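Protein chains: 2
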Amino acid sequence: MSPIVPALAGKLDGLQSSAIRDLLTLTARADIISLAGGLPDAALMPRERIAVAAQTALGDPAVLQYTESPGLPALRAVIAERESTRIGRSVPVEEVFVTHGSQQALSLLAEVLLDPGALVIVEDPAYVGALQVFRAAGARIVAVPLDGDGLRVDVLADLLAAGERPAVVHTVSNFHNPGGVTLAPERRRRLTELAEAHGFWVIEDDPYGELWFDRPAPAPVASYSPQVIRLSSVSKTLAPTLRVGWLVAPGRVCRAVELLKQGADLCGSALTHRIAADLLADTDWLTTHIDTVRTAYGARAKSLVEAVRTTFGTRVHCTDATGGMFVWADFTDDTDTTTLLPAALEAGVAYVPGAVFAVSNAYRTSMRLCFTTSDEATLTEAITRLASISR
Amino acid sequence: MSPIVPALAGKLDGLQSSAIRDLLTLTARADIISLAGGLPDAALMPRERIAVAAQTALGDPAVLQYTESPGLPALRAVIAERESTRIGRSVPVEEVFVTHGSQQALSLLAEVLLDPGALVIVEDPAYVGALQVFRAAGARIVAVPLDGDGLRVDVLADLLAAGERPAVVHTVSNFHNPGGVTLAPERRRRLTELAEAHGFWVIEDDPYGELWFDRPAPAPVASYSPQVIRLSSVSKTLAPTLRVGWLVAPGRVCRAVELLKQGADLCGSALTHRIAADLLADTDWLTTHIDTVRTAYGARAKSLVEAVRTTFGTRVHCTDATGGMFVWADFTDDTDTTTLLPAALEAGVAYVPGAVFAVSNAYRTSMRLCFTTSDEATLTEAITRLASISR
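Next up, the structure:
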C-alpha cells in the first residue's frame, strides 16, 4: 500500500515569498549595480568593536546560557535609557521588550493586538515586511497614501469619519522605506489625537531615525501618546547579525508579547544581547560611529539624488535625500518601471519597481532606489545606465 | 475627553505563562538545591572554543550582515552531513532549515502543518513548550501516555482505529523531557507505519539524543519514513546562546517554513550560525567535548537515581539514568507532589510537580528531577532533604 502523504495547512496557499528577496537573488550578479537591495553597508559596520565586545562578553559563562524572554536585563536597561532621551519621558525597563530584529516585534505585536478580521491601516507605498505580517494575521488591510510630509493623516481622519475602526495604524515615521519621506510633526500630533479619540494603537516603526543627514528626525510619534508602540533596532546603526530589535510599549502589551515570545523561540541570544548592550552603552564611541555612517550615507544619497535630477530633469520626480537608506523616484512621463526592469538589468542596473510596495495605488511609474552600498561614482554611473535605456 | 484605551487580541485570554519558567524565578534562592530547572550546565559549555570561533567569524565583514532565511549555507551544510550520518540516508541541504532554537522550529511547523481545529497527538506527560505552541495554533490536543518504552503506540493505534485523524504526532523520542524514557525501536517502526497508512506527520523532537550515558540512542524515527520531521539543536550540546536549532523535512515543508520565517524574524544571526558551523565541523574536538558532557551528566544522573532508590526504596519509582537531562520519579504511596512542594522549598529543595506536564492523566504523585547543574554530593543532599519532609 502506498503511503498517504500528509498535507500542509490551507492558509499557506495565500502566502508568497517577498518579491524583493527573490529579486535580490537575481541581482547578485557582479556586473549589475544594484539599487534594489535594502541592506546597510557591511563595510561601515563596527566589526572590530564588536569583536572586542564579543571577547569581553565571553569572559562570563552566564553569556552562554538561556536568557530572559524579554531580553538580557543590561540591554533592556540601556535601551530604556536611550528611548527615555528620545521620547522625552522616563521609560521604565518593564516597557522595553527586546526582539529578534524589529521584524519579530511586528509579528508578535500582530498576534497580540489583532483579532482575525481586525482592520489595520498601512501606508501606501508600504513596508512589505509589515504587509506580510498583517496579511498572515488575517487582518483586513486598508492603505492611506503618503505625500511629502508622510502619512496623509487627513485621509485617515476621513476614513474614521466614515466609520472605519482600525485596531492598528502602522507608520514608518522617519525616512520611510520605501517612500523616503518623514511624517511631519503636526501630523504626528494629529495622528495620536485620532488614536486616543478612536481607541486604536499606533505602531511607530523607526529603524532609520538615527540616520538623518542634515537635521535630526522630529520628536517620535510616541512622544505624543502612550497609545503609540515604538519599534526600533540596531540593524541599521550597528549590525543586523546581532538580531537586536525592540519595542517600547505599555506593560500589559509587553506581558502579552512575553507569553508569545516563549512559544515562538523562548528567548534571544545572551551573547548578541551583551554585545549590543556594550556598544549602546559606549556613548561617545557610538555617537562617533553613527556620525560616520550618517556622513557616508548622506554623501551617497545626495550624489544619487543629484544624478537623478541632473540626468532626468522633470522626467523623474525624486524625494530629497534627508536620511535613512532609500529615495523614491517617480517617472512623470508614464514610464512603467516594471516593464522597464528587464532592460535596466540588461544595461547593468537594478532597482525595485514601485508596484512591489503598492497596496491601493499601483505605483506603476515609481521605483525605490537604495543608496547605502555603492559609492558616489557608482551611484552616478547607475543613473547614467538607467537613462541610457529609458528614453 | 479621556482617551479610548485600545484592546488586546481576544485569544490572549486563554494563554498562560509557562509554570516552569515562573517556578524557576522562585527557586533562584541560593539556599535551595534546584532540581526544577531545565538548563544545561554553563560550566560544561565550550566557552573558550566559542571565543576562538567568534574571533575567526568576525574576521569577515559578511558575518555582520543579514543572512539567508533558511540559515547560513555553511551551517546548513554541516548539519546536513551530521544528520545524514544520524538518519542513515543522504540528507540534501535543501531539507535542512535552521531556526532560532528548536522551539522556533516547533512554532513555525505548527503554522505550516496545522489548520485551526486540527488534531495533534502529544505525549502524556508532555513537553510543555510543545503544548504551548499547539494550543496557540488552535489545535485539538489528544494525549497518549508514555511507559518505560516511550509513547504507547498501541494506544495511538486504538485512537486511529476509533476514527481519530491526527495531522501531527509529536514525540520527544530520546531521553524524554519530562518523562526520562526513550521510544523503543520496534515502536519507532510501528509509529511510522501508522503515519504512512493514515497520512499524518510525525515531529521527532530530539534535543537530547547525543547525551546518552551507557549506549547510544536508537536509530531516529526519521530513519523509518520521510513523513517524519526531525528537530534538534545545539542548545544542550554546545550552548543555548547560539540560538541554533533546526528541522530536517521534505523540501515542500522547508519552503513553507521559509515563507513564515521571513515574516517572523527575517533570518538568524550570521555570527552565531558561523560559530555553530565552526564547532560542528570540528569533529574530533566535538566528539571529545560531547563525551565530556555525557560523562559528567551520566555520573550526576546515576548518583541522583541511586540516592532516590536508596533513600526511598519502593516508596518512589524512578526512571533509569540513560541519557538527557531529566529523570521522572513517582511516589507509589499517593504523596501529592504539588501539595508537597512548599515544604520541599522550605527544606531547601525544588522539583517540578508532575501536574505541570499533565495533559489527560493528572500525574499528581510524580515529579521531574533535573540533574544537570548540581554535582553528585549536592544531588544526594537534595534527596536527603526531600526525604526529611515527605514521610
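Protein chains in written order, with our numbering: chain A, 566 to 956; chain U, 566 to 956.
Just so you know, even glycine gets a beta-carbon here, dropped at the ideal spot from N, CA and C.
It should be emphasised that the depicted structure is a prediction, and the values quoted were computed from it without experimental measurement.
* Can you find a CB in chain U that lies within less than 9 Å of the CB of A/Trp811? -> Translated into positions along the first sequence, residue 811 of chain A becomes position 246. Put simply, the CB of A/Trp811 is far from chain U, with every gap to its CB atoms at 9 Å or more.
* Nearest candidate by alpha-carbon position, reference A/Val914, set A/Leu759, A/Phe896 and A/Glu946 -> As a position in the first sequence, residue 914 of chain A is number 349, starting the count at 1. Nearest to A/Val914 by C-alpha distance, out of A/Leu759, A/Phe896 and A/Glu946, is A/Glu946.
* Report the residue ranges of all alpha helix (DSSP H) runs contained in full by the region 598-632 of chain A; include only those spanning at least 4 residues, in chain order. => Within the region 598-632 of chain A, the complete alpha helix (DSSP H) runs of at least 4 residues are 612-622.
* To do: Using a threshold of 9 Å, state whether the C-beta atoms of A/Gly694 and A/Ser788 are closer than that.
  => Locating residue 694 of chain A in the first sequence gives position 129, where the first residue counts as 1. Locating residue 788 of chain A in the first sequence gives position 223, where the first residue counts as 1. Taking 9 Å as the cut-off, the beta carbon of A/Gly694 is found no closer than this to the beta carbon of A/Ser788.
* Asked: Which first and last residues belong to the alpha helix (DSSP H) in which U/Arg763 is found?
  -> Here the question's residue 763 of chain U lines up with position 198 in the second sequence. According to the sequence as given, residue 763 of chain U is His; it is not Arg. Where U/His763 is concerned, the enclosing alpha helix (DSSP H) stretches over Pro750 to His763.
* Asked: Are there 16 or more other CB atoms within 10 angstroms of the CB of U/Thr897, so buried, or fewer, so exposed?
  -> The residue labelled residue 897 of chain U in the question sits at position 332 within the second sequence. It counts as exposed.
* **Status (buried if at least 16 other CB within 10 Å, exposed otherwise) for U/Ala886** => Along the second sequence, one-based indexing puts residue 886 of chain U at 321. Buried, because 16 or more other Cβ atoms sit within 10 Å of the Cβ of U/Ala886.
* Asked: Looking only at DSSP bridge pairs, what is A/Thr664 linked to?
  -> On the first sequence, position 99 is the one that residue 664 of chain A refers to. According to DSSP, which records beta bridges pairwise, A/Thr664 is partnered with A/Gly810.
* **Cutoff 9 Å: U/His763 Cβ touching any chain A Cβ** => Working through the second sequence from its first residue, we reach residue 763 of chain U at position 198. Judged by the 9 Å Cβ criterion, U/His763 is in contact with chain A.
* What residues from chain U crowd round A/Arg641, counting only those whose CB sits closer than 7 Å? -> Working through the first sequence from its first residue, we reach residue 641 of chain A at position 76. Within chain U, no residue comes near A/Arg641; the closest Cβ sits about 16 Å away, beyond 7 Å.
* Note down, in chain order, each residue of its chain lying with its Cβ closer than 6 Å to the Cβ of A/Tyr916, except the 5 sequence neighbours on either side. => Residue 916 of chain A sits at position 351 when you count from the first residue of the first sequence. Its chain contains Leu600, Ala601, Met932 and Leu934 as the residues whose beta carbon lies nearer than 6 Å to that of A/Tyr916, once the 5 sequence neighbours on both sides are disregarded; these appear in chain order.
* **Paired residues, beta bridge with U/Met932 - DSSP** => Here residue 932 of chain U corresponds to residue number 367 of the second sequence, with the count starting at 1. U/Ala894 and U/Pro918.
* U/Ala782, enclosing alpha helix (DSSP H) - first and last residue -> Counting from 1 along the second sequence, the entry for residue 782 of chain U is found at position 217. Taken as a continuous stretch (DSSP letters only), U/Ala782 belongs to no alpha helix (DSSP H), as it is neither H nor E.
* Check A/Asp885 in the structure and name its three-state DSSP category. => For the purposes of this step, residue 885 of chain A is taken as the residue at position 320 of the first sequence. Under the three-state reduction of DSSP, A/Asp885 is assigned to coil, being neither helix nor strand.
* Could you give the DSSP three-state label for U/Pro772: helix, strand or coil? => Position 207 of the second sequence holds residue 772 of chain U. Coil, per DSSP.
* Start-to-end residues for the beta strand (DSSP E) that takes in U/Glu688 -> On the second sequence, residue 688 of chain U is found 123 positions in, with the first residue counted as 1. It spans Leu684 to Asp689 - the beta strand (DSSP E) in which U/Glu688 sits, taken as one unbroken run.
* Nearest to U/Glu761 by CA position, among U/Val734, U/Thr747 and U/Ser649, is which residue? -> Reading the second sequence from its first residue, position 196 is the one you call residue 761 of chain U. Nearest of U/Val734, U/Thr747 and U/Ser649 to U/Glu761, Cα basis: U/Val734.
* Can you tell me the Cβ-Cβ gap for A/Thr937 and A/Tyr862, rounded? I've got them flagged as a contact below 8 Å. => In the first sequence, residue 937 of chain A corresponds to position 372, counting from 1. In the first sequence, residue 862 of chain A corresponds to position 297, counting from 1. Confirmed, about 6 Å.
* What first and last residue would you give for the alpha helix (DSSP H) that runs through U/His854? -> Taking the second sequence and counting its residues from 1, one reaches residue 854 of chain U at position 289. For U/His854, the enclosing alpha helix (DSSP H) begins and ends at Thr848 to Phe877.
* Does any residue of chain U bring its CB to less than 9 Å from the CB of A/Gly889? -> The residue given as residue 889 of chain A occupies position 324 in the first sequence. No - not a single Cβ of chain U is within 9 Å of the one on A/Gly889.
* Asked: Where does A/Leu741 sit, in a helix, a strand or coil, going by DSSP?
  -> As a working note, residue 741 of chain A is residue 176 in the first sequence. Residue 741 of chain A is actually His in this sequence, not Leu. Coil, per DSSP.
* **Spatial distance of U/Trp977 from U/Ile615 (CA atoms)** => The structure shown does not extend to residue 977 of chain U, since chain U spans only 566 to 956, so no value can be given for it.
* What number of angstroms, rounded off, separates the C-alpha of U/Ala645 from the C-alpha of U/Leu796? -> Here residue 645 of chain U corresponds to residue number 80 of the second sequence, with the count starting at 1. Here residue 796 of chain U corresponds to residue number 231 of the second sequence, with the count starting at 1. Computed Cα separation, rounded: 12 Å.
* To do: Would you mind giving the Cβ-Cβ distance between U/Ser667 and U/Pro571, rounded to the nearest angstrom? I have them listed as a contact below 8 Å.
  => For this step, residue 667 of chain U is matched to residue 102 along the second sequence. For this step, residue 571 of chain U is matched to residue 6 along the second sequence. 35 Å between Cβ atoms; not a contact.
* Going by the C-beta, is U/Ser790 closer than 8 Å to any heavy atom of the ligand MN? -> Judged by which ligands are present, the structure shown has none, so any question about the ligand MN falls away.
* Could you tell me which chain U residues have their CB closer than 9 Å to the CB of A/Thr621, listed as they occur along the chain? => Taking the first sequence and counting its residues from 1, one reaches residue 621 of chain A at position 56. None at all; the shortest Cβ gap to chain U is about 10 Å.
* Run down chain A in chain order and give the residues with a C-beta less than 9 Å from the C-beta of U/Ser510. => Residue coverage of chain U in this structure runs from 566 to 956, which leaves residue 510 of chain U outside it and unanswerable.
* If the cut is a Cβ gap below 7 Å, which residues of chain U does A/Glu957 touch? -> Given that chain A is displayed from residue 566 to residue 956, the structure contains no residue 957 of chain A and the question cannot be resolved.
* To do: For the beta strand (DSSP E) containing U/Arg795, list its first residue and its last residue.
  => If you number the second sequence from 1, residue 795 of chain U lands on position 230. Start and end: Val793 to Ser798.
* **Cutoff 6 Å; reference U/Val718; Cβ partners in own chain excluding five residues on either side** => What you label residue 718 of chain U is simply residue 153 of the second sequence in a count that begins at 1. So the qualifying residues of the chain are Arg752, Arg755 and Leu756.
* Asked: Which residues of chain A have a Cβ atom closer than 7 Å to the Cβ of U/Gly666, listed in chain order?
  -> Taking the second sequence and counting its residues from 1, one reaches residue 666 of chain U at position 101. The contacting residues are Asp830 and Leu831.
* Along chain A, in chain order, which residues have C-beta atoms closer than 9 Å to that of U/Thr837? -> Start at 1 with the first residue of the second sequence, and residue 837 of chain U comes out as number 272. For U/Thr837, the neighbours in chain A by C-beta distance under 9 Å run, in chain order, Thr806, Arg808, Ser834, Leu836 and Thr837.
* **Whether A/Ser953 touches A/Ala920 by CB criterion (9 Å)** => Locating residue 953 of chain A in the first sequence gives position 388, where the first residue counts as 1. Locating residue 920 of chain A in the first sequence gives position 355, where the first residue counts as 1. A/Ser953 places its beta carbon 9 Å or farther from that of A/Ala920.
* Selection from U/Leu716, U/Ser955 and U/Leu824 that minimises the alpha carbon distance to U/Ala908 -> As a working mapping, residue 908 of chain U is identified with position 343 in the second sequence. Here the closest residue by C-alpha is U/Ser955.
* Give a yes or no on whether the minimum CB-CB distance between U/Ser672 and chain A is below 9 Å. => Within the second sequence, numbered from 1, the residue matching residue 672 of chain U stands at position 107. Interface flag for U/Ser672 against chain A is set, since a Cβ pair is found closer than 9 Å.
* Look at A/Gly833 and A/Arg808 and say whether their C-beta atoms are less than 9 Å apart. => Position 268 of the first sequence, counting from 1, holds the residue named residue 833 of chain A. Position 243 of the first sequence, counting from 1, holds the residue named residue 808 of chain A. Yes; because the gap between Cβ atoms is below 9 Å, this pair is in contact.
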